[in-house]
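Reading through the structure tokens given below for one structure.
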Amino acid sequence: MHKTGVKNNSKIDETLKNLKKLLNNTISDTQGNLDLDIQFAEIISLLKISIGNLNYRIEALTLILSELLKKNEFNQAAVIYLQYSNKLNEYMQEIDDSVMKLRETFLPDTKQLNATQKIYQSSLENFEKNWRTQKKEIQDKLKNLKKSVETGYDKFIYQTKRDIEKNLSALKLLKNNIQKKFSKFSELIEQKKFVDAEKIIDRTQHRVQTEYDDQKERIDNLPSDVTTLLGDLISKWKRKLLEFRTEIPKLLKGVKEELYTTIIDDKVSELRRFSIEIEQQLSNLSSLIERNMLIMAEELYNELEKQTSNEFNKQKRMLKILSPKLNVLAEDLVKDWQIELVNTELSIKASIKTLKKDLEAARVKNGISTLEDFSNETSEILSNISELLAQEKYTIVEKNLTKLKNEVQSEIQQNKLVLKAISQASQTEDFSPEVKDNIDEWKVKLNETERELNDSISDLKNEYTQKHIPHLQKKLDLFIKQNINLLNVMVDEYERSAWNQLGSFLDNPNYKIHHILEDKKTVIIQEFKNKDEHIQLVFARYENYPLKDKIELWANTLKKVQNRFNDIWMKVIDLTEDKDLVNQIVDKYYEIAQPAYGYKVPIKDLSESMETPPDKLENLFVDLISNKVISGEIDPITKVIVLPPRVTPEEKVKKEMIRLRCMVCNLVIDPSTERIIHCPRCNSPAHHSHLIEWLRIKGTCPNCKQRIKML
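Each residue of the sequence shown is one higher than the last, beginning at 5 in the working numbering.
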């Protein structure tokens, strides 16, 4: 690999060496024309290779000089150029000598040339012409490179001079700006913009140090060969930089001293103003305690304690932050500030502590007095409640007793909390014997008052309970009766509706009786649950009363109503499930019954025909007849059934259609396609949707005018 420089130009040296050797061999040897042609061609080729190597060396020199000039290494560039140019001139001279020797060897007599020599002459002339051109280009390039080295050096010196002058101007400008900025610095301090002032100083210090470091680095990096030409200017630059490094820190130090002195004076003045304000507020606190305005006094005391703690902590934090800076410039002032801060804090805290003792003593006296007043007021309230109890105003008595009990508990608890806090304070602080005796007295009175008031409330509560029980039992009896009656009415309505629906179901196989009965059953069961939950809440309210018999009464009565409803439900469901059997029994009855005998059929005969137990038949007809599912009668003694004559299906449909006329719209209801609903009071039919809408608006039956619930 080729190395930069002129130490080893191996390729061109080797080429020229081979060229000389070949020329010498050609001169000494006698060869044929063919050998001479080959040697001539080889020599021309070696000459061209040598010229190519010269161009490579020019390119290498150009690259090396370019890199050195970029780094401002002008001395090195000049040395390299001189070495390369001398060597290249030597190479060009060797090529010239070789060309001359080639001409002498192959063209000794230019006047008498044979054909081969003419060819040699033509080739050599072309080569020489080309070589002269390339040689001139190489020489021009060397001149240009020399000029670039010299021009670059001149430019560098000029630019270095300008840079030094710029640095000197920058130093002067920065110095003037700093002096101008700090000429009005006192105004900023007078406005107490201490934070802004300190930031300005810190930024200026940083700017000064940065500028000094940058220019110092530039001086250190100046090339040594520049010193000879710009020595005076560089010396001036160093001197001005040193002056800048000395004068500006002195200026900043003086400004800092002014700033920190002002800060200390301001903090001390602030501390003194705060001390005066606190003394005034302490005087106000003392006045409030003397006038027994303890709530306001306690609020003011808490505010003072918080305010003083915050202010002293703030001053201490500020002192801690500023001390490392201030001790260097104003150590005596810092000590004075610290001493005044400590003394002021001790003085104010001592005054607050004294007033706190006075406040606690006043609170103890006030607590005893307030407790006595509360006890008297409570006794008066108990007397008023006792009078209300004698007047049997039980609701008001119960309400007032509950309220009074809560108030007594709250007041006693509040007294205990205050007393506990004061007792703990008395153990750690120096309270007077009188205050400690008052604390003990307050404890005794508080315990006595709590016991007496609780006993009085308990006695009155017991008296209220004893007198209220008979009254409460009557109210509960009435309450239970009203709710049971409401449930019975619902069951009655359900029973009437169920038997009405059953009649339609027995006649019409498509009638949706199960859906209707299930919906109503769900409503009634939910009502049972609602009533029970309501009454259980009432019982829970009086859980301390002897109401066990009333609870059992409600449970038993509710159970009876539920059992009655379940019996009705099961009876109707059984009949719906035995629909085919019921219809068969009725059909069999009309087969046996004779008009001549007045349609009288003994149950025994019907039982034998149907192979059904007589008891079951009797119960079936009793339910159907008594609930008007069918018309007729049954003799309870003779067990004879009498039903009216049977009408034809056409007549029955006609009669049913006449009977099934909506009492809302007065149109006939088709039970096969329309849903029928009956009034639970008068059993009048209606379209389901029509009656529901009517009840939503009116609330009463269109026929009997009785109020009924939504169906």
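Ideal Cβ positions, reconstructed from N, Cα and C, are used throughout, including at glycine.
With fewer than three CB-CB distances shorter than 8 Å, the segment 248 to 262 does not count as touching the segment 276 to 287. When DSSP reads this structure, residue 524 sits in no beta bridge, so it has no partner.
Sequence-distant partners of residue 132 (beyond 5 residues in either direction) whose C-beta falls short of 7 Å from its own C-beta, in its chain, are 103. By the neighbour-count criterion, in which 16 or more other beta carbons inside 10 Å mark a residue as buried, residue 57 falls on the buried side. By the neighbour-count criterion, in which 16 or more other beta carbons inside 10 Å mark a residue as buried, residue 389 falls on the buried side. Restricted to the segment 105 to 153, not a single beta strand (DSSP E) segment is unbroken, complete and at least 3 residues in length. Within the segment 17 to 85, the complete alpha helix (DSSP H) runs of at least 4 residues fall at 37 to 74.
Contact between residue 125 and residue 111 holds, with the beta-carbon distance rounding to 6 Å and staying under 8 Å. Annotation for residue 227: 76 place their beta carbon closer than 7 Å to its own, counting only its chain and skipping 5 residues before and after. A Cβ-Cβ contact shorter than 8 Å links residue 569 with residue 528. Three or more beta-carbon pairs separated by less than 8 Å link the segment 448 to 465 to the segment 415 to 429, which places the two stretches in contact.
If you draw a 10 Å sphere on the C-beta of residue 299, you find fewer than 16 other C-beta atoms in it, and that means exposed. Assigned with DSSP and collapsed to three states, residue 605 falls in strand.
In the DSSP assignment, residue 668 falls outside any beta strand (DSSP E) and carries neither an H nor an E. With contacts defined by Cβ atoms closer than 8 Å, residue 484 and residue 382 do not form a contacting pair. If you keep only unbroken beta strand (DSSP E) runs of at least 3 residues inside the segment 220 to 292, you get nothing at all. In this structure, DSSP gives residue 681 an extended state, which the three-state scheme calls strand. Bridge pairing for residue 704: 711 [DSSP]. Contact check between the segment 235 to 251 and the segment 168 to 177: three or more CB pairs, one atom from each, fall below 8 Å, which counts as touching.
The criterion of a C-beta distance shorter than 8 Å is not satisfied by residue 592 and residue 644. Of the residues 121, 491 and 626, the one whose Cα lies closest to the Cα of residue 109 is 121. With fewer than 16 other Cβ atoms from the protein chains shown falling within 10 Å of its own Cβ, residue 425 counts as exposed. Here DSSP, grouped into helix, strand and coil, assigns residue 381 to helix. Judged by pairs of C-beta atoms under 8 Å, the segment 126 to 146 does not touch the segment 206 to 225, as fewer than three such pairs exist.
Here residue 442 is buried. Its C-beta has 16 or more other C-beta atoms within 10 Å. Of 626, 627, 594 and 599, the smallest CA-CA separation from residue 613 is found for 594. Its chain contains 671, 672, 673 and 689 as the residues whose beta carbon lies nearer than 8 Å to that of residue 665, once the 5 sequence neighbours on both sides are disregarded; these appear in chain order.
Annotated as distal: residue 262 and residue 182, with beta-carbon spacing of 8 Å or more. Between the segment 455 to 471 and the segment 368 to 384, the count of Cβ pairs shorter than 8 Å is three or higher; the stretches touch.
In this structure, residue 701 sits away from residue 692, with a CB-CB distance that is not shorter than 8 Å.
Within the model, the alpha-carbon separation for residue 306 versus residue 361 is close to 14 Å. Counting along the chain, the unbroken alpha helix (DSSP H) around residue 193 starts and ends at 189 to 194. Within the segment 531 to 590, the runs of alpha helix (DSSP H) at least 4 residues long that lie entirely inside it are, in chain order, 552 to 581. Cβ atoms of residue 565 and residue 488 come within 8 Å of each other, at about 6 Å. Contact between the segment 306 to 326 and the segment 383 to 402 is absent: fewer than three C-beta pairs spanning the two stretches fall below 8 Å. The continuous beta strand (DSSP E) containing residue 690 extends over residues 689 to 691.
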